[in-house]
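Using the working numbering, the letters of the sequence shown map in sequence onto residues 38 to 155. Ideal Cβ placement from N, Cα and C applies to all residues, glycine included. In this text the structure is predicted, and so the values were computed from the model without any measurement. First the structure, in the form of structure tokens, and then the observations on it.
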Amino acid sequence: MQTRFVKDLAIALIVILLGYLIIRLVIIDRKVSDIPETSVYSRESVSDTLMTRIRSIESSIQDRKNFVFNSSTDPLRQGNIIKDKADRARELEETIRNTFRLATTALDELGNKIAYIE
38 MQTRFVKDLA IALIVILLGY LIIRLVIIDR KVSDIPETSV YSRESVSDTL
88 MTRIRSIESS IQDRKNFVFN SSTDPLRQGN IIKDKADRAR ELEETIRNTF
138 RLATTALDEL GNKIAYIE
């Protein structure tokens, strides 16, 4: 007799669970049917050609970020205002070169070469 009650309880639970799932599916279907076919923001959306151009620009930027230059100077440099360490060293060499000029060379009494700078 107890097995009969267990069977009835199992069948009742299954029926209740199926009823709950059916009600839930109906509610979800109503929510989905309320969504319009065309979006309200379709006029503001980006066209496909513009989106492909945006993606190509983004990939170009990422490629440039990941690119490693093999030379000591940046080939893409076009008169940057910011000076790095190499620029400052080059400017110092030029100022030193322009400050001291070789006037003449001579030999002293011992035969050593002497450079006169001005």
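Which one or two residues does DSSP pair with residue i in a beta bridge?
i      : result
Ile151 : Ala143
Short of 8 Å in beta carbon distance, which residues of its chain neighbour residue i, apart from the five on each side in sequence? Order them along the chain.
i      : result
Val83  : Ile91
Asp71  : none
Leu144 : Lys150, Ile151
Could you tell me how far apart the beta carbons of residue i and residue j are, in whole angstroms, since I believe they sit closer than 8 Å?
i      : j      : result
Ile154 : Arg138 : 6 Å
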